[in-house]
Amino acid sequence: MLSKFSVKKPFTVFVSVILVVLLGVISFTKMTTDLLPSMDLPYVVVMTTYPGASPEKVELAVTKPLEQSLATTSGVKNINSISSENSSIIILEFEQSVNMDSILIEMNSYIDLAQAQFDDDVQSPMVMKMNPDMLPIMVASIDVNGLDTKEVTKIVNETVIPAFEKIDGVASVNSTGLVEEKIKIQLNQEKIDSINNKVLASVDEKLAEGKAQLDDAKNQLESGKNQLETQGKEQTAQLAEASAALESGKTQLIEAINSLLLAQNDLENQKADIEQKKNLLDKFLEAQQGVGIEISEKEQELLNELTSGLEAINSGISEITTKKGELETQLTGLADKEKELELGKLTLNQELSKASAQLTNSEAELNKSIKEFEASRDEVYKNAGIGEALSASTISNILKAENFSMPAGYIQEDEEKYLVKVGDELTSLEELENLLLFNIDVEGVGDIYLKDIAEVSYTDNSDEMYAKINGNDGIILSFQKQSTYSTSEVSNKINDTIEELQKNNQDMHITALEDQGIYINIVIHSVLSNLILGGILAIIILLLFLRNIKPTIIIAFSIPISLLFALVMMYFSGVTMNVISLAGLALGVGMLVDNSIVVIENIYRLRNEGMSAIQAAVKGSTQVAGAILASTLTTICVFLPIVFTEGISRQLFTDMGLTIAYSLIASLIVALTLVPTMSSTMLKTTVEKEHKFFNKFIKIYNKALKFALRYKPIFLILVVVLLVSSTVISISRGSSLMPEMDSTQISVSMTMDNDTKTTDLREMSNTIIDRISEIDDVDTIGAMQNSSSMSLMGGGDSKSISLYVILKDDKKLSSKEVGKLIEDKTKDLNCEINVTTSTMDMSALGGSGISLSVEGDDLDKIKEIANDIADIISKVDGTIEVSNGQEDTSLETRITVDKNKAMEYGLTVAQVYQAVAQEISLETTSTSLSINSSDYPVIIAKDSNNTLKRDNIKDLEIKGTKNGNEEKIALSEIATISEENGLSSINHINQTRAITVSAAIDAEHNVGNVSKAVEKEIDKYELPEGYTIEIGGESDSMKQAFGDLILMIAMAIVFIYLIMVAQFQSLLSPFIVLFTIPLAFTGGFLALIITGFELNMISILGFLMLAGIVVNNGIVFVDYVNQLRLGGMKKKEALIEAGKARIRPILMTALTTILGLSTLAMGIGMGADMIQPMAIVTIGGLTYATVLTLFIVPIMYDILHRRELKPIIIEESI
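Under our numbering, the first residue of the sequence shown carries the number -3, and numbering increases by one thereafter.
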C-alpha cells in the first residue's frame, strides 16, 4: 500500500524528501554535542563544615547523626561518608527509579532533624546532586606581559571573570593563583602591656581610697545607730496621737447615724398612714363611679393631697437613706485607717528591728571587708590587667558591632515614606586604626583606640599561591557548565570570549590547558568522517556487485535521506550528538542499504522478467515488505532489554539503541517509499550484465555446499570447537570496563608526604615541569597547588600539585606513550606521580583498578586487616601502586583528659577542648571593609610570641573551680599528652567504619584477570568475626555492567526468536536461524584475539549488535528455501538453489555493513578508538557468520527439517 501510494504520487514523496532534508539539516545544526550521553546519576552529596574539629569529632557530632537520619530516605541504596578534619562528606546512592527532585526535598527534612543535634559551630549542610557537570569542562591559564601577579589579579577580578560569568551556560568560574589582599590586625603585646602598666599604677591609689572609704563607713554606722533610736521614739508618739483622733471621730459618726435612723422610722409610720387613707379613698371613688356618680372636685383635691404627701414622705426617706450611707462609709474609712495605724505600728517596730539588725550585720561585714581587703591586695593587682579584655575574640566582636550599617525601617509622614538607616561602615585603614574600643577611667589611659594595641596593615596571600604556566607565574581558571547546556557549546562560547579579551588587551595571554569542548569536537568530527567514509565504501561495494549506476544511485541516495530522517527523530526525542549515538549511526550506515538492496534487487528481477517499471516498483517492494520489516525488527529489538538494566549500561546505551532504531526505521520507510518511486522513473530500461568472476565463485560455493551437506558432522564439530576455544581464549585474556582513548591532554598529579614543607613541594613541582618540558611532543605545561576546597571535592590534598600537559596537535607519540615517558623521567624523584593519559578516561565512571573496603567497628583492627590485605595484593602479579588506605596520616598531638581529675576543678572534656582550641587559634576573621570599591577581609592575629607550641602545650593554664574558689590548673595535671599518627579522615560504608585498600594495574595486565587473582587470594584470608571485605572499583563496575549486557543479549535472542516465529509461522525454522548467533560470536572473539583487544563494555555491545544483524542473512536464506520447497522442489535441491540465488544479496548486505564500519575498526581519527572494539567485534562476527551461514544454516536445515512442507490452504466459501 505504501509503495503503491509513493509510485502513484511521486511529487508527494519529493516534497517529503525536501522536508526531511530541511528538518534534518536544522536538527543537525541545533543538536547539542557532548562526549557521552547525558547521565542522570542517582547520587547526592551532603557536605558539612565543622571548623576546628578533628576527624573523630566530625564523625561523632556530624556524620553519624546525618547518616542515621538520611538512612530512612526513600530509595536509598548505599550511604558512604568521609569524616575529615573540619568537614564531613556523605555520598548517597539511590535506586535508578527514584525521582531525584523529590528525594532532595525529602532529604532536606531529614537533615533539619539531624541538624538539631549539631553543635553551634557546625555550619548548615550543603546538598547537591552529583553529576558529570560538577567537573570543569575547561582549565585555562592567564598572564599579562609586564604585570606582576597582584596586577594580573586585579584585571582577572575586574574584567576577565565577569566576562566569563556572563556567558550563557557557564555555571561558575573558579580561580587558582589569585592574590587575595586583606587587612591584618596584629595584636602587639608590648602596647597592651604598656596600657596595662598604667592601669596597675592607678590600682594603689584606688586601694588607698578604698581603705579610707571603709573607715568612713564604720563611723557612719555608729551615727546611724543613734539616729535610728531617736527616730523610733518620735514615730511611736506620732502614732499614739493619730489613734486617739480616730477614736473620737468614730464616736461622733455613730451618734449621727442613730439620729437618722429615728427620723427614718417616723417617716415610715406617716407613710403607712397616708397610704391607708389613699387606698380607702381609691375604693370609695371606684364604687362611686361604678353607680354612675362622677368624682367631685373636693374628692379629687383630697386624692391629690394624699398623693403629694406620700411623695414628700418618700423623698424624705430617700434623703435619710443617702445620708446614712455616707456616714456609714465614713465610719468604714475610719475603721480602715484604724487598721492601717495598727499595721503601721507593727511595721514600724519590724523596720526598726530590721534596720537595727542590718546596721549590726553591716558593721560585721565592714569589719570582714577590712580584713579581706588586706588579704586580697595581691589578687587585686593580678586581676587589674586588661590583657583578657583585649583578646582576639573581643576585638573581633567590637569590630563587627562598629562596622555596621542596616536599615531600621521607614517613617511615614502623610503619603511619603522615609528610610531610616542606622550606622556607618568603616571606609579606610586610618578610620579602622582610630576606632575607639573602650574607655578606661585611668589617668594617662582614657580612650583606647585600635592602633594603641595592634598594628593595622594591608597584607596578601602571595606566598601561599602557586600556579605555573610553562615555568612562569600565572593564574589558572577552571570553568563549570550548567547541566542544561552542551559541553562543546559552552566551550565554544568561552573560546570566543578568550579571543575577544585578547583582542582588547594585546599583552594578555589566555591558554586552554584542558578543554573538553575541543576534544569532543575532534572526536565527533572523527566519527562523522568515518561515518561518511564508511558510506562511500558501502556504495562502492554496491557498484561492484550490481555493475549498474542507476540502482546504485537509488540506493546511495537512500543513505543520506535515511540519516537525515534519523537526525530529525533524534532531535525531537532529545538524543544528543555524542560518541555513543554517532556510533549507532555509524553502525547503521552499513545496514541502511540492506532494506534498499532487497527492494531494488526484487524490482530489478521483475523488470528483467518483462514487467513495466511502475508495476515492478510496486510489486517488487510489496513482495518483500514483510521480510524487510521482520529483519528490521530483529535488529531493533536487541536494544529493547535495555529497560531491564540499571546503572552505566542503561545510561550509556539507550542513545545507541535509539539511533540505530531511528536509522533502521528511516531506512525501512525510505526503502518502501523513495526506492520504488525512484525505480519507477530511473529503471525504464535494464540491461542484464554478466558477472564472470562472481559466476565462478557461485560454482565453487555449490561444490563446497554439497560437500558440507554430505559431511555435516565434520563441519559442526569444527564450528563448535572453534566457538569454545575462541571463547575460552578471549575470556582468559581478561577484561576491562572501557577502552582507553587517545588525546592531546594529559593530567599529572604529584603528591608528597604531609610533613613536606611547601617550599620543597614547589621545588619538586618545578623539577617535574623542567623534565616534562624536555619531551618533544609537549606544547604547554600548567601546574597549580591543590587547595583545601579541592581536597574537599576529592581533588587532592594540600601537599599535592596538579599538572596539565598539552601535547602538540601534530604529535608523533600517542598520549599513552608520552605518559610512559613522563613516568620514566620522574620515577627517581621522591614523590608519588600519577599520570592520566586520557582526559576522558571512561573508567572514571566506575572507578579504576582494584578497590577493596575493609569494614568493621574497631578502627585499630580495621587498620591491621587493611595492612594484611595490602600485603596480599602487592604479591599478586600485575598490581602496582598498592595503597593500604593509611598513607594519608599525619602526626597529631592527642590530649586525653582524665575526667575525674578535671571534674575536681569543675571542668568537663568539652570545656578543656574550648580552652585549648581558643589558645591554638592564631587568626580570627572578623569583618570586611569596602575601600575604593574593593572588599578586604579583616583578620585579627595573635602575637606570635604568645602562641602555643607542642613543647609548651602541657603548661597551658585553664580556669577551674575547686572548693568554691576559682583556680588555674595546668593542662598536664588533668590530661595526658602524646604524639600519635592519626588518620586524616574516617570513612564509613553504609554507616560502618571502613578503610579502602586499592591498587592500580600495570600496562601488561588488565583489571579482569588481576581482579580474579586478587579475589582468589582474599578468599584464603581468615577475617575476624564482625569484619567484612567488599570488592569495588573497576572490577565491581565491570561485573554489574557485563551482567547487564549479558542479560540484554539473552533477552534479545528471545525477542529475535519470537519475531521469527511470527514471520515463519513455525517454531522450528527460527532455531535454524538462531545457530548463526554463536557463529557470529565466534567471529567476534576471533577478531578480538587477532587484533589484541580485550573484552569490555564496548566490545560486548558489539556482540549485542551481532545478535540482531546476523540473523537477517539466515532469515533470507531459510525463507527462500521454504518458498522453493513449497513450490515442489526437493529439500537438498532447494538448499543448493537457495544458496546459489541468495548468495549475492547476503554478501552485498554483509559487505556494506562491514565496510561501513571498517574505518572505525581501524581507529582512524581521535576518538574512534573508544568504539573501535565494537566495530572490530561486529566486523569479525559478521564476516565469520556470513561465510558460515552459507554452510551451517543449510546443514542445520537438513538436520531439523525432515518432514515435507505443506502449504496452509483455506477454502473460501461465498
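No residue lacks a Cβ here, since even glycine has one placed at the ideal position from N, Cα and C.
This one's a predicted model, so the numbers in the text were calculated from it and none came from an experiment.
Sub-8 Å separation of residue i and residue j beta-carbons
{"i": "E81", "j": "S980", "result": "yes"}
{"i": "P51", "j": "I777", "result": "no"}
{"i": "Y658", "j": "M565", "result": "yes"}
{"i": "T631", "j": "G1104", "result": "yes"}
{"i": "I1188", "j": "V715", "result": "yes"}
{"i": "E429", "j": "K447", "result": "yes"}
{"i": "T875", "j": "A995", "result": "yes"}
{"i": "V595", "j": "I549", "result": "no"}
{"i": "M573", "j": "T28", "result": "yes"}
{"i": "P1190", "j": "G1135", "result": "yes"}
{"i": "V1117", "j": "I1052", "result": "no"}
{"i": "I516", "j": "D36", "result": "no"}
{"i": "I86", "j": "S77", "result": "yes"}
{"i": "I181", "j": "I391", "result": "yes"}
{"i": "S1007", "j": "I846", "result": "yes"}
{"i": "M1216", "j": "E510", "result": "Summary: the structure shown does not reach residue 1216, with the chain confined to residues -3 through 1210, and so no result is reported for it."}
{"i": "K477", "j": "D164", "result": "no"}
{"i": "H505", "j": "D144", "result": "no"}
{"i": "I471", "j": "V148", "result": "yes"}
Own chain, CB closer than 8 Å to residue i, minus 5 neighbours either side, in chain order
{"i": "V908", "result": "I891, V893, A898, I954, L967, I970 and A971"}
{"i": "T423", "result": "L925, S926 and I927"}
{"i": "E398", "result": "L422 and L431"}
Cβ shell of residue i (< 7 Å), same chain only, five flanking positions each side left out
{"i": "T921", "result": "P933 and I935"}
{"i": "E176", "result": "D456 and N457"}
{"i": "E89", "result": "P38, Y39, K73 and N74"}
{"i": "I551", "result": "L538, V589, S592, I593 and I596"}
{"i": "E439", "result": "S198"}
{"i": "G790", "result": "In this prediction, G790 has a pLDDT of 39, which is less than 50 and means its spatial position is unreliable; what the coordinates show is noted afterwards. The answer is none, since no qualifying residue turns up."}
Segment limits, alpha helix (DSSP H) that includes residue i
{"i": "S721", "result": "K708 to S728"}
{"i": "L1100", "result": "M1093 to I1105"}
{"i": "P158", "result": "I157 to E161"}
{"i": "I638", "result": "I638 -> no alpha helix (DSSP H), and no H or E assigned at all."}
{"i": "T1078", "result": "T1072 to T1087"}
Sequence-distant residues of its chain with Cβ nearer than 6 Å to residue i (five each side left out)
{"i": "D837", "result": "Residue confidence is low: D837 scores 46 on pLDDT, short of 50, so the model does not pin down where it sits. Its coordinate-derived value is still stated next. Contacts found: none."}
{"i": "I1073", "result": "A1103"}
{"i": "A1146", "result": "L1178 and T1182"}
{"i": "N265", "result": "none"}
{"i": "L1097", "result": "M1170"}
Environment of residue i [buried if 16+ CB atoms lie within 10 Å]
{"i": "G48", "result": "exposed"}
{"i": "K795", "result": "buried"}
{"i": "I713", "result": "exposed"}
{"i": "F689", "result": "exposed"}
{"i": "P1169", "result": "buried"}
{"i": "M402", "result": "exposed"}
{"i": "R946", "result": "exposed"}
{"i": "D853", "result": "exposed"}
{"i": "D1216", "result": "Nothing can be reported for residue 1216, as the shown portion of the chain is limited to -3 through 1210."}
{"i": "M1192", "result": "buried"}
Beta strand (DSSP E) segment containing residue i, residue limits
{"i": "R989", "result": "T988 to I997"}
{"i": "E1133", "result": "Where E1133 is concerned, there is no enclosing beta strand (DSSP E), although the alpha helix (DSSP H) it sits in stretches over K1127 to A1157."}
{"i": "K499", "result": "Counting along the chain, K499 falls outside any beta strand (DSSP E), though it belongs to the alpha helix (DSSP H) covering T483 to N500."}
### Query
Hey, which unbroken runs of the alpha helix (DSSP H) at 4 residues or more fall wholly within the stretch 391 to 464?
Runs of the alpha helix (DSSP H) lying entirely within the stretch 391 to 464 and spanning at least 4 residues, in chain order: 425 to 429.
### Message
Which runs of the beta strand (DSSP E) at least 3 residues long sit entirely within the stretch 11 to 97? Give them in chain order.
### Response
39 to 45, 72 to 80 and 83 to 90
### Message
In chain order, what are the residue ranges of uninterrupted beta strand (DSSP E) at least 3 long that sit wholly in the stretch 100 to 168?
### Response
List check, beta strand (DSSP E) in window: 122 to 126 and 134 to 140.
### Whole beta strand (DSSP E) elements within the stretch 918 to 991, 3-residue minimum
919 to 927, 930 to 937, 953 to 958, 961 to 966, 971 to 979 and 981 to 985
### Message
Threshold first: 3 residues or longer. Then list the beta strand (DSSP E) segments lying entirely within the stretch 236 to 288, N to C.
### Response
none
#### Entry: alpha helix (DSSP H) runs wholly inside the stretch 517 to 604, at least 4 long, in chain order
545 to 568 and 575 to 604
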